[in-house]
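Peer 1:
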Amino acid sequence: MTTSQQDGTMIDKQAQFDLLKEIADSEQKKPWPAGHYAKTLFKKHDFRIVLITMEKAAKMKEHHADGTISVQVLKGQINLNVNGHPHDLRVGNLFTLAASIRHDVEAVEDSAFLLTISWPSDEELAAMKHRGYGT
Numbered sequence: 001m002t003t004s005q006q007d008g009t010m011i012d013k014q015a016q017f018d019l020l021k022e023i024a025d026s027e028q029k030k031p032w033p034a035g036h037y038a039k040t041l042f043k044k045h046d047f048r049i050v051l052i053t054m055e056k057a058a059k060m061k062e063h064h065a066d067g068t069i070s071v072q073v074l075k076g077q078i079n080l081n082v083n084g085h086p087h088d089l090r091v092g093n094l095f096t097l098a099a100s101i102r103h104d105v106e107a108v109e110d111s112a113f114l115l116t117i118s119w120p121s122d123e124e125l126a127a128m129k130h131r132g133y134g135t
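The opening residue of the sequence shown carries number 1 in UniProt numbering; numbering runs sequentially from there.
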């Protein structure tokens, strides 16, 4: 059992998650208005882990992250499109992307993936020409 604040910020110095249970819990929250559901599992000032579950054909419009990311598919299949180049990701695939690169995601089938973000410091964020995750 881990202790966290409402926004997912961890209080404990270690954490463990049952990802299959987390996926099943997210399924219980349907219907998802946008066809997908995100839950921050772990949050610190420099690091985030988000579980994202998506229904077949759901799309996340083009966006970017201000930090380096990884996407690890746990269930189903997604297409991650980067600069017009599609990347077909299936269970067991891991994909990394440098900071600030615009991309979109589409679920080929009911899917779940872990999004890990190496969050920049406040100074690094302030120095960026653009600000804000997903803008």
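C-beta atoms are modelled at their ideal positions from N, C-alpha and C, and glycine is treated no differently.
Every value quoted in this text rests on a predicted model; they were computed, and no experiment measured them.
In or out: residue 91 buried (at least 16 other Cβ within 10 Å) or exposed?
Peer 2: When all chains shown are included, residue 91 counts as exposed.
Peer 1: Can you tell me which of 66, 106, 101 puts its alpha carbon nearest to the alpha carbon of residue 55?
Peer 2: Closest by alpha carbon: 106.
Peer 1: Name the residue from 36, 43, 35 whose alpha carbon lies nearest to the alpha carbon of residue 136.
Peer 2: Outside the displayed range of the chain (1 to 135) lies residue 136, so it cannot be described from this structure.
Peer 1: Looking at the strands, I want to know which residues DSSP matches up with residue 63.
Peer 2: Answer is 103, bridged to residue 63.
Peer 1: How long is the line joining the alpha carbons of residue 7 and residue 40, rounded to whole angstroms?
Peer 2: Rounded to whole angstroms, residue 7 to residue 40 spans 7 Å at the Cα level.
Peer 1: Please classify residue 69 as buried or exposed, where buried requires at least 16 other C-beta atoms within 10 Å of its C-beta.
Peer 2: That one is buried.
Peer 1: Could you give the DSSP three-state label for residue 26: helix, strand or coil?
Peer 2: Looking at residue 26 - three-state DSSP - the assignment turns out to be helix.
Peer 1: Residue 114 to residue 49, Cα distance in whole Å?
Peer 2: Straight-line Cα distance between these residues: approximately 7 Å.
Peer 1: May I have the straight-line CA-CA distance separating residue 88 from residue 121, to the nearest angstrom?
Peer 2: Answer to the nearest angstrom: the Cα atoms are 31 Å apart.
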